[in-house]
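Enquirer: Sequential numbering of the sequence shown, starting at 8, is according to the working numbering.
My questions all concern the structure below.
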Amino acid sequence: LNLDHQTVILLETVQNVDVFLDGSRRVNGRVVLVDSARGLAAVLVATKNCPSTCAPIQFAQDRVQYKQGDSVMAITGPSLVSSGSRAKGAIANATPQRASASLGLAESGAGAPVFLQDGSVIGVARSSGRTANLVPASVARAFLREAQAERTSKSIAASDSLLPTWASKALT
Numbered sequence: 008l009n010l011d012h013q014t015v016i017l018l019e020t021v022q023n024v025d026v027f028l029d030g031s032r033r034v035n036g037r038v039v040l041v042d043s044a045r046g047l048a049a050v051l052v053a054t055k056n057c058p059s060t061c062a063p064i065q066f067a068q069d070r071v072q073y074k075q076g077d078s079v080m081a082i083t084g085p086s087l088v089s090s091g092s093r094a095k096g097a098i099a100n101a102t103p104q105r106a107s108a109s110l111g112l113a114e115s116g117a118g119a120p121v122f123l124q125d126g127s128v129i130g131v132a133r134s135s136g137r138t139a140n141l142v143p144a145s146v147a148r149a150f151l152r153e154a155q156a157e158r159t160s161k162s163i164a165a166s167d168s169l170l171p172t173w174a175s176k177a178l179t
């Protein structure tokens, strides 16, 4: 989950959040760890409410290299008002710890996985706008390892409640 500064401050004070799996279903998520410097949060969700098509996205290994000018695509998730989008662009700059891409992402695109043409997930969009800042895969993987250690050390379990919700499209 990728967040702006105000949301990070809020998440540092709460334990549970609503997570939308698609445009019409939400579940309860447990906040495991927040990294305010990078705008990342690890939220634990019970997978029993996830459809069979739901699968975690694997980040590319460090050997997958990308450079300025490489074509990329960010896929945003569905919401109550949108079925999601596929923003296409190019890497604007890249270092092992930082990257940016000209994706023209809407505000809801922060947190979207960013793919190379071969399907490798090279990072997560940290910001929206014409040029999106990215959290590289290596940084995100390290954060997830830290979150897993935090979950284990504190015995944090997922909440398995499916929250009431409403249809994303009008019923006729």
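Idealized CB from N, CA, C, for every residue including glycine.
Residue 76 by DSSP, collapsed to three states: which one?
Expert: Locating residue 76 in the sequence shown gives position 69, where the first residue counts as 1. Coil.
Enquirer: Could you give the distance in angstroms between the alpha-carbon of residue 138 and the alpha-carbon of residue 50?
Expert: Walking along the sequence shown from the start, residue 138 turns up at place 131. Walking along the sequence shown from the start, residue 50 turns up at place 43. Taking the straight line from one Cα to the other gives about 26 Å.
Enquirer: Going by DSSP, which residues form a beta bridge with residue 95?
Expert: As a first step, residue 95 is located in the sequence shown; it is residue number 88 there, counting from the start. 80, per the DSSP bridge assignment.
Enquirer: Who pairs with residue 109 in a beta bridge, going by DSSP?
Expert: Here residue 109 corresponds to residue number 102 of the sequence shown, with the count starting at 1. 97.
Enquirer: With residue 139 as the anchor, note down where its beta strand (DSSP E) starts and where it stops.
Expert: On the sequence shown, position 132 is the one that residue 139 refers to. 139-143 is the span of the beta strand (DSSP E), which, as asked, contains residue 139.
Enquirer: Just to confirm before moving on: does the CB-CB distance between residue 23 and residue 162 stay below 8 Å?
Expert: In the sequence shown, the residue the question calls residue 23 occupies position 16. In the sequence shown, the residue the question calls residue 162 occupies position 155. Cβ distance not < 8 Å, so residue 23 and residue 162 don't count as in contact.
Enquirer: Report the rounded CA-to-CA distance for residue 65 versus residue 147, giving the unit in angstroms.
Expert: Here residue 65 refers to the residue found at position 58 when the sequence shown is read from its first residue. Here residue 147 refers to the residue found at position 140 when the sequence shown is read from its first residue. Roughly 11 Å between the two C-alpha positions.
Enquirer: Drop a sphere of 10 angstroms on the beta-carbon of residue 36, count the other beta-carbons inside from all chains shown, and report buried for 16 or more, exposed for fewer.
Expert: For the purposes of this step, residue 36 is identified with residue 29 of the sequence shown, where counting begins at 1. Residue 36 is buried by the Cβ-count criterion.
Enquirer: Look up residue 150 in the DSSP assignment and give the residues it is bridged to.
Expert: Here residue 150 refers to the residue found at position 143 of the sequence shown. Paired residue(s): none; residue 150 is not in a bridge.
Enquirer: Whose C-beta lies closer than 7 Å to the C-beta of residue 107 among residues of the same chain, with five residues either side of it excluded?
Expert: Taking the first residue of the sequence shown as position 1, residue 107 is located at position 100. The answer, listed in chain order, is 99, 100, 138, 139, 140 and 141.
Enquirer: Please name the residue or residues paired with residue 36 in a DSSP beta bridge.
Expert: Translated into the one-based positions of the sequence shown, residue 36 becomes position 29. Paired residue(s): 24 and 52.
Enquirer: Closer than 8 Å by C-beta to residue 159: which residues in its own chain qualify, once you throw out the five before and the five after it? Chain order, please.
Expert: Here residue 159 is taken as the residue at index 152 of the sequence shown, counted from 1. Contacts found: none.
Enquirer: What number of angstroms, rounded off, separates the C-alpha of residue 69 from the C-alpha of residue 129?
Expert: What you label residue 69 is simply residue 62 of the sequence shown in a count that begins at 1. What you label residue 129 is simply residue 122 of the sequence shown in a count that begins at 1. About 9 Å.
Enquirer: Helix, strand or coil for residue 189? Go by DSSP, reduced to three states.
Expert: Nothing in the structure corresponds to residue 189, since the chain is present only between 8 and 179.
Enquirer: To the nearest angstrom, how far is the alpha carbon of residue 151 from that of residue 32?
Expert: As a working mapping, residue 151 is identified with position 144 in the sequence shown. As a working mapping, residue 32 is identified with position 25 in the sequence shown. One C-alpha to the other measures close to 24 Å.
Enquirer: By how many angstroms is the C-alpha of residue 26 removed from the C-alpha of residue 62?
Expert: The residue given as residue 62 occupies position 55 in the sequence shown. The residue given as residue 26 occupies position 19 in the sequence shown. If you take the alpha carbons of residue 62 and residue 26, they lie about 15 Å apart.
Enquirer: Apply the 10 Å Cβ neighbour rule to residue 97 and answer buried if 16 or more other Cβ atoms are within range, or exposed otherwise.
Expert: Your numbering for residue 97 matches position 90 in the sequence shown. Per the 10 Å Cβ criterion, exposed.
Enquirer: Nearest-angstrom Cα distance between residue 44 and residue 117?
Expert: Translated into the one-based positions of the sequence shown, residue 44 becomes position 37. Translated into the one-based positions of the sequence shown, residue 117 becomes position 110. If you take the alpha carbons of residue 44 and residue 117, they lie about 15 Å apart.
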